[in-house]
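Chemist: Pasting in a structure now, in structure tokens, and then I'll have a few things to ask.
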Amino acid sequence: MRISLFITCYNDTLFPETGKAVVCVLERLGHTVEFRKEQTCCGQMHWNTGYLKEAVPIIRHFVDVYRDAELVVAPSSSCVSMMRDHYLKAAEMVGDAKLAADVEALLPRVYEFTELLVKKLGVEDVGATFPHKVTLHTSCHSQRSLHLGDIPVRLLNKVRALELLPIENPQECCGFGGTFSIKNADVSSAMLAEKVRTVLNTRAEVCTAVDNSCLMHIYGSLHRQRTLVRTAHIAEILASTGGMQ
Amino acid sequence: MNAPYGSHWADRSFPEAAKELLADSQVRRNVRHATDVIQAKRNRVVGELPDWEALREAGSAIRAHALEHLDEYLVEFERNCTRAGGTVHWARNAAEANRIILELIQLHEAKEVIKIKTMTSEEIGLNRNLEANGIRPHETDLAELIVQLGHDKPSHFVVPALHKNRQQVREIFQREMHLPELGDKPEDLCAAARTYLREKYLRIKVAVSGANFLVAENGAVCIVESEGNGRMCLTLPDVLISLVGIEKVIPRFRDLEVFLQTLPRSATGERMNPYNSIWTGVHETDGPKEFHVVLLDNGRSPILSDAESRQTLKCIRCAACLNVCPVYHQTGGHAYESVYPGPIGAILTPQLHSMDRGRTLPYASSLCGACYEVCPVKINIPEVLIHLRGKVVEQDQRTLGGKLGVWNIGMQAAGFVMGSAGRFTLAQHMGHLAQKLFVSKSGFIERLPFMLSGWTQTRDLKALPAQSFRDWWAHRELNGSTKNGAAREDRDGQ
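Same order as they appear, the protein sequences are chains A and B.
Note that my numbering numbers the first sequence so that position 59 is 59, with each residue one more than the last.
Note that my numbering numbers the second sequence so that position 284 is 1284, with each residue one more than the last.
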């Protein structure tokens, strides 16, 4: 299949390895990956911070870029949930019936990365090997908006040599919440402290998730505390054939 | 303009108030422990119901329907309550409600009243107003009694003293009830409260309550509770005054079938409340001789007119959203500076004040969605939070200070950048240059200026990598690399 990668703005800028890993996995499975250079952002930061009308041009841009794509994949559940939960509402807010129709036509072809693998491509074993102890942070959008359920776990269970360790309170937010982490830095930090405690208690070497936003947040504290625990987007584990570089 | 309610609350921003509470490790421990216990019970009893989702759906539909036809159902309630011997009063705001209740009490020359837990009375600052007029209110709900005797404020609307532990409760009782020898076992504390309260039930002739539901078709009022104090207040006094928000009405008696299942399970993790009181008007041989319902608007009507956020009023005050909220877990209820804390408070409070107060509350959430997931009437709290954030931003943009504020300028700039890939790519390259000022030797950003300093107070940030994904992709295409091998090689080369 021809799969168009929506890398998302922050992965593009901060986590290029995740994008490379998505390309690696999909190509390994025999698919063709394309990258549309005109892509920018899904508009989530503006929308969630209350800059609603400012998000609309960004949404429109996204829809224009991917209008004719066969399939779109994004390695970020929060960006995909932005689209599914809010795009139609945004179009209705500005009374743009054409945008609303475009959104409805496009969104059924947009998938979060692990969702694409399991639900659309029907693959659980992507031929990965990762000889490490790993724990999974279940991001809020992946569970409560996309309802991914055990999809990430099923993929990780098929990775050779990987030991998946359970984490306490997996359903609880890490405290990132986009601009929440800055506007309410103290509360966000307190939430993060609790999440990091549970990550460390697992004794895992790597904490993974389907969202780099949570991982950036969690790693920010793991690094500040000089722990040796690393974070890696699930795509990077699924791309791996040997271990951490 | 609505009269300010509960103006004994300070008016600090959420981040400010939260900072202070975060430093109180005792409160945080108490809150976390109590919410975990309730939440575990709730999950257990919700889990036993195979039709839980259908019940949520039904509850949501009934509440939404009632709100759509609120004008008709309120009038129907008034007609039926009056026919059964009750008197219905309409209060536009807190001042009117306070005046009505005060006059009723004064009419009976009462100097004391007993009260069942009612957050609506906290909303209008009833106790303060009564005290100012020489009338002493006695809270009879155990938690509200603790709050009252401790000269404290409720931090939760089902368990108002949730932020206190047993030892702290004992200290309050020892001091205020003059019981220096009192122990801290639950039985000791209950016995002390019982002795303290029983005398009041038997002596005081006027009671004030709230209500969980008003039933339009027969004018019935419903209160559910755990302690039996409510039943005492509803049956022993001669005069009963129930203060109720206008949104509490439901159309039919049989609608209670849904809510008497979902409310106790969501609120206290019980299958059924120990005490369920439903009464209609007055009866010659039983209960109060005089019954008044004060219907309170106090900022609710304007919420009804907003189609996006009207769902806020579906709330049946179970507080499950507080118990599950990771923000509430950290701060407890006082950080919200409102009678209604937690996720529902974050959307209700600013709306009750026409967005004049509590404007930082819609931002007091990471939008994790746990509140929506547990809500027994399916209020999409994250969606309303975002809607209200939009209102706050719009208000700010109408002022010069807001227009020139760092957030607005930042967001406008970011919006401009995201409008085209060319500008976005340029911004990435500029960011890579600019970060040189901040990146430490280890390759991490450990200190950022201005509003971004909030991030680095507890978190490091990995520096932007030398090559963005799109640059890598452009490079890859330029080299005409093909499929698997190339991608793999390039990754390994990093």
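We put the beta carbon where it would ideally sit given N, CA and C, even for glycine.
Just so you know, these numbers come straight off a predicted model, no measurement behind them.
Assuming the contact rule is C-beta atoms closer than 8 Å, Ala1058 of chain B and Val1206 of chain B should be a hit. Round their C-beta distance to whole Å, please.
Modeler: The sequence position of residue 1058 of chain B within the second sequence is 58, counting from 1. The sequence position of residue 1206 of chain B within the second sequence is 206, counting from 1. Not quite, the Cβ-Cβ distance comes to about 37 Å (not below 8 Å), so this is no contact.
Chemist: Could you tell me which whole beta strand (DSSP E) segments of length 3 or greater appear in the region 1226 to 1255 of chain B?
Modeler: Correct list: 1239 to 1245.
Chemist: Ignore the nearest five residues each way along the sequence and tell me which others in Arg1141 of chain B's own chain have a CB closer than 7 Å to its CB.
Modeler: As a first step, residue 1141 of chain B must be located in the second sequence, where it is residue number 141. Residue identity differs from the one stated: residue 1141 of chain B is Asp in this sequence, not Arg. Closer than 7 Å at the Cβ level, and outside the excluded window around Asp1141 of chain B, lie Ile1116, Lys1117, Glu1227, Asn1229.
Chemist: Indicate the three-state DSSP secondary structure (helix, strand or coil) for Thr18 of chain A in the structure shown.
Modeler: Here the question's residue 18 of chain A lines up with position 18 in the first sequence. Helix, per DSSP.
Chemist: Is the shortest distance between the beta-carbon of Tyr10 of chain A and the beta-carbons of chain B less than 8 Å?
Modeler: Start at 1 with the first residue of the first sequence, and residue 10 of chain A comes out as number 10. Tyr10 of chain A does not count as touching chain B.
Chemist: If you follow the alpha helix (DSSP H) that Ser254 of chain A is part of, which residue opens it and which one closes it?
Modeler: Nothing can be reported for residue 254 of chain A: it is not among the residues displayed for chain A, which extend from 1 to 245.
Chemist: Distance check for Glu1123 of chain B and Val1282 of chain B, CA to CA, integer angstroms please.
Modeler: Walking along the second sequence from the start, residue 1282 of chain B turns up at place 282. Walking along the second sequence from the start, residue 1123 of chain B turns up at place 123. C-alpha separation (whole angstroms): 27 Å.
Chemist: Of all the residues that make up the region 1342 to 1355 of chain B, which are near chain A by a beta-carbon distance shorter than 8 Å?
Modeler: If the cut-off is 8 Å between Cβ atoms, the region 1342 to 1355 of chain B has nothing near chain A.
Chemist: Do the region 1348 to 1357 of chain B and the region 1318 to 1325 of chain B meet, that is, are 3 or more Cβ pairs less than 8 Å apart?
Modeler: Contact fails: fewer than three Cβ-Cβ distances are below 8 Å.
Chemist: Say whether the region 1081 to 1097 of chain B touches the region 1216 to 1223 of chain B, bearing in mind that this needs 3 or more beta-carbon pairs closer than 8 Å, one atom from each stretch.
Modeler: Segments in contact, yes.
Chemist: What is the DSSP secondary structure of Glu115 of chain A, counted as helix, strand or coil?
Modeler: Counted from its first residue, the first sequence places residue 115 of chain A at position 115. It is helical.
Chemist: What would DSSP say about Ala1200 of chain B, mapped onto helix, strand or coil?
Modeler: Residue numbering aside, residue 1200 of chain B sits at position 200 when the second sequence is read from its first letter. The question names Ala, but residue 1200 of chain B is Lys in the sequence shown. DSSP places Lys1200 of chain B in helix when its eight states are reduced to three.
Chemist: Does the count of Cβ pairs from the region 1188 to 1207 of chain B and the region 1249 to 1267 of chain B closer than 8 Å reach three?
Modeler: Segments in contact, no.
Chemist: Report the residues of the region 1418 to 1431 of chain B with a CB closer than 8 Å to any CB of chain A, ordered along the chain.
Modeler: Under the 8 Å Cβ criterion, the region 1418 to 1431 of chain B contributes Met1418, Gly1419, Ser1420, Ala1421, Phe1424, Gln1428, Gly1431.
Chemist: Could you please give the first and the last residue of the uninterrupted alpha helix (DSSP H) stretch that includes Leu1385 of chain B?
Modeler: Against the second sequence, residue 1385 of chain B aligns to sequence position 385. Start and end: 1381 to 1397.
Chemist: Which residue's Cα is closest to the Cα of Ile234 of chain A: A:Ser77, A:Ile58, A:Gln44?
Modeler: Residue mapping note: residue 234 of chain A aligns to position 234 of the first sequence, counting from 1. Cα-wise, what sits closest to Ile234 of chain A is A:Ser77.
Chemist: In chain A, which residues lie less than 9 Å from Tyr1363 of chain B when you measure between Cβ atoms?
Modeler: Within the second sequence, numbered from 1, the residue matching residue 1363 of chain B stands at position 363. Those are Thr49, Gly50, Thr179, Phe180, Lys183, Asn184, listed as they occur along chain A.
Chemist: Considering Cα atoms alone, identify which of A:Thr40, A:Arg2, A:Val25, A:Val153 is closest to Ser1468 of chain B.
Modeler: On the second sequence, position 468 is the one that residue 1468 of chain B refers to. It is A:Thr40 whose Cα lies nearest to the Cα of Ser1468 of chain B.
Chemist: Is Pro1015 of chain B helix, strand or coil by DSSP?
Modeler: In the second sequence, residue 1015 of chain B corresponds to position 15, counting from 1. Here Pro1015 of chain B sits in helix by DSSP.
Chemist: With a threshold of 7 Å on Cβ separation, who are the neighbours of Ile1303 of chain B within its own chain once the five nearest residues in sequence on each side are excluded?
Modeler: The residue you call residue 1303 of chain B lines up with position 303 of the second sequence. Only Ser1309, Arg1310, Thr1312, Leu1313, Gln1351 meet the Cβ criterion.
Chemist: Quick one: measure Cβ to Cβ for Ser1155 of chain B and Gly1333 of chain B, integer angstroms, because I've assumed they're closer than 8 Å.
Modeler: Sequence index remark: in the second sequence, residue 1155 of chain B carries index 155 (1-based). Sequence index remark: in the second sequence, residue 1333 of chain B carries index 333 (1-based). 3 Å between Cβ atoms; contact.
Chemist: If the cut is a Cβ gap below 8 Å, which residues of chain A does Arg1470 of chain B touch?
Modeler: By one-based count along the second sequence, residue 1470 of chain B stands at place 470. Near Arg1470 of chain B (Cβ distances below 8 Å), the residues of chain A are Ile7, Asp12, Phe35, Lys37.
Chemist: Buried or exposed for Pro170 of chain A, going by 16 or more other Cβ atoms inside 10 Å?
Modeler: Mapped onto the first sequence, residue 170 of chain A falls at position 170. Burial call: exposed.
Chemist: Mind pulling the alpha helix (DSSP H) runs of 4 or more residues that sit fully within the region 1066 to 1140 of chain B?
Modeler: Taking only runs of at least 4 residues, the alpha helix (DSSP H) segments lying wholly in the region 1066 to 1140 of chain B are 1070 to 1083, 1094 to 1107, 1119 to 1123, 1126 to 1132.
Chemist: Is Gly1369 of chain B near Pro1382 of chain B, with beta carbons less than 8 Å apart?
Modeler: Locating residue 1369 of chain B in the second sequence gives position 369, where the first residue counts as 1. Locating residue 1382 of chain B in the second sequence gives position 382, where the first residue counts as 1. Result yes, Cβ atoms of Gly1369 of chain B and Pro1382 of chain B sit closer than 8 Å.
Chemist: Note down, one range per segment and in chain order, each beta strand (DSSP E) of at least 3 residues found wholly within the region 1276 to 1303 of chain B.
Modeler: Within the region 1276 to 1303 of chain B, the complete beta strand (DSSP E) runs of at least 3 residues are 1290 to 1296.
Chemist: Here's the rule: buried if 16 or more other CB atoms are within 10 angstroms of the residue's CB, otherwise exposed. What is Lys119 of chain A?
Modeler: In the first sequence, residue 119 of chain A corresponds to position 119, counting from 1. That one is exposed.
Chemist: Within the same chain, show all residues whose beta-carbon is closer than 8 Å to that of Ile58 of chain A, passing over the 5 residues directly before and after it, in chain order.
Modeler: Taking the first sequence and counting its residues from 1, the one referred to as residue 58 of chain A is at position 58. Taken in chain order, the residues that qualify are Thr40, Cys41, Cys42, Gly43, His46.
Chemist: For Thr1458 of chain B, return the contacting residues in chain A, with the cut-off set at a CB-CB distance below 8 Å.
Modeler: Within the second sequence, the letter at position 458 stands for residue 1458 of chain B. Within 8 Å Cβ-Cβ: Ala185, Ser189, Leu192, Ala193, Gly220, Ser221, Arg224.
Chemist: Taking 8 Å as the CB-CB limit, is Ile58 of chain A close to chain B?
Modeler: Residue mapping note: residue 58 of chain A aligns to position 58 of the first sequence, counting from 1. Yes, contact with chain B.
Chemist: Can the beta-carbon of Ile1101 of chain B be found closer than 8 Å to that of Ile1241 of chain B?
Modeler: Numbered from its first residue, the second sequence carries residue 1101 of chain B at position 101. Numbered from its first residue, the second sequence carries residue 1241 of chain B at position 241. Yes, these two residues count as a Cβ contact at 8 Å.
Chemist: Count the other CB atoms, across all protein chains shown, that sit within 10 Å of the CB of Glu1510 of chain B; report buried if there are 16 or more and exposed otherwise.
Modeler: Residue 1510 of chain B lies beyond the stretch modelled for chain B, which goes from 1001 to 1494, so this question has no answer here.
Chemist: Ignore the nearest five residues each way along the sequence and tell me which others in Asn1165 of chain B's own chain have a CB closer than 7 Å to its CB.
Modeler: In the second sequence, residue 1165 of chain B corresponds to position 165, counting from 1. Correct list, in chain order: Asn1030.
Chemist: How would you write the range of the beta strand (DSSP E) that Lys133 of chain A sits in, first residue to last?
Modeler: By 1-based counting over the first sequence, the position of residue 133 of chain A is 133. Looking at the DSSP string, the run of the beta strand (DSSP E) that includes Lys133 of chain A is 133 to 136.
Chemist: Which of helix, strand or coil does DSSP assign to Phe1213 of chain B?
Modeler: If you number the second sequence from 1, residue 1213 of chain B lands on position 213. Three-state result, Phe1213 of chain B: strand.
Chemist: Let me see if you follow: with CB-CB separation under 8 Å, is Ala1003 of chain B close to chain A or not?
Modeler: Here the question's residue 1003 of chain B lines up with position 3 in the second sequence. Only weak support is given to the placement of Ala1003 of chain B: the predicted model assigns it a pLDDT of 37, under 50, and the question is left unresolved by the model.
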